[in-house]
Amino acid sequence: MDSGSAKISSNIPDFSMASFLQSLNFDERSRNQKRCHYMPQGRGGIFTVPMNLAGKSSTSDDVTSICTTGCSTCVGVYIPIDEKRFFAAHIDGAIRDPNAGQNRRMVAWQISNSLAVSFKRAVRAGLDRTFKHMDREVKTIRQSNELKRRAVIVCFWPVVGGITGPGPHAIDVLCDYFDLDRATVVDPYTAHHGFIIDHSQRIPPIILGWTRPGPTPWVMDEIAKIAEKCNKPVWGDNFWSVLTATYEYVFPGRLGWEDETPPKDGTFPWCIEYVANT
45 MDSGSAKISS NIPDFSMASF LQSLNFDERS RNQKRCHYMP QGRGGIFTVP
95 MNLAGKSSTS DDVTSICTTG CSTCVGVYIP IDEKRFFAAH IDGAIRDPNA
145 GQNRRMVAWQ ISNSLAVSFK RAVRAGLDRT FKHMDREVKT IRQSNELKRR
195 AVIVCFWPVV GGITGPGPHA IDVLCDYFDL DRATVVDPYT AHHGFIIDHS
245 QRIPPIILGW TRPGPTPWVM DEIAKIAEKC NKPVWGDNFW SVLTATYEYV
295 FPGRLGWEDE TPPKDGTFPW CIEYVANT
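Residue numbering for the sequence shown follows my numbering, beginning at 45 and increasing consecutively.
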C-alpha cells in the first residue's frame, strides 16, 4: 500500500552543441533565427501549430518545432494528434522531503514499488486533465499506427541507485494510455536526453545526444554519489557541475523560447511530487 500521496505540483543522430547551433544558424546575437519552442522541466500540454510566440524574445509567430532537453530521470514525450496538434511534455517526478527544502538528493528520484501506484495514478490524472473532452482524439491515437510510429519518448536514467526512478513509471502510463509500442517509441532513444521535432514536416526527429558517448545509468549513479560528498551545500548544483565537466549536450538556454505564462497556483502542469507522510 502507498504511504503517502502523489500529485501534480529512422537513424538517430547525436548532436553536439556546436553542430546544433551551426545547423540552425543562430547564436546569442541572432535570437530571431530560433525556430523551436523549448519546454523546460515540468512544462507541457497540447500545442497547435503554428505556435504564436511573438513577444517572447522574438517577433516570430510561425514556430512549428517543439524541443526539450536534459531528460535524465524526467521523461520527454511527443505524441502527434493530427496535422495541427500534438501533445508534448517534460514530465518531472520526485519525492519531496519537507525537511530537505530545495536540497534534494538522489533518493528524491527513487520511486519504490510501494509508491509506484500513487505516482502512476498522478501521471494518468495529468493525462486525463490534459485530454479532457478529447476522448475521440485519444481513441484516434490509439488506433492509428501512423501517429504512434511518430511518437518519441526519452529518459536516459531510468534506474536511480538500483531503484526504479520516475521515468519507467511515467512511461508505463503513457504507453498504456495511448497504446504505444515501446520497441518503437522508447527503446531506440534510451541513450538520449531530448528532441527537436517539427510537427509541420514529415521528417525524422532530431534526437539529442552527446558530444561523446553519453553517461550510462551506472555513471549517473556514481556522479550522484560524488555530489553527495562535495562540500558545497546544494546537491543539485554539485551533481550538474560534475556531469557537465565530463559530458556535454545541448543546453536548455540555447534551444528556443520558453512560454512565460505563469503557472497556475505556482505549480507547473507536469511537475509530479510524492509527499511522504512524516
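Each residue gets a CB set at the ideal place from its N, CA and C atoms; glycine is no exception.
Here Arg186 carries a helix assignment [DSSP, helix/strand/coil].
It is roughly 13 Å from the alpha-carbon of Ile139 to the alpha-carbon of Ala166.
For the 7 Å CB-CB criterion, Ala271 and Asn282 form a contact.
Annotated three-state conformation of His134 is strand, per DSSP. Counting C-beta atoms within 10 angstroms of its own C-beta, Gln187 has fewer than 16 neighbours from the protein chains shown and is therefore classed as exposed. Apart from the 5 residues on each side of it in sequence, Gly89 sits with its Cβ closer than 8 Å to the Cβ of Phe131, Ala132, Ala133, Thr174 and Pro313 in its chain, given in chain order. When the Cα atoms are used, Val229 and Ala195 turn out to be separated by approximately 6 Å. At the C-beta level, Val119 and Gly206 stay beyond 7 Å of one another.
Under the three-state reduction of DSSP output, Trp314 falls in the coil class, being neither helix nor strand. The alpha carbon of Leu159 has as its nearest neighbour, out of Met178, Thr208 and Arg149, the alpha carbon of Thr208. In the structure shown, the three-state DSSP call for Cys219 is helix. By a beta-carbon distance limit of 8 Å, Ile197 contacts Tyr233. Their separation comes to about 7 Å. In this structure Pro249 is buried. Its beta-carbon is surrounded by 16 or more other beta-carbon atoms within 10 angstroms. Around the beta carbon of Gln154, 16 or more other beta carbons lie within 10 angstroms, which makes this residue buried. In the structure shown, His213 adopts helical secondary structure according to DSSP, grouped into three states. In the three-state DSSP reduction, Gly170 falls in the helix class (H, G or I).
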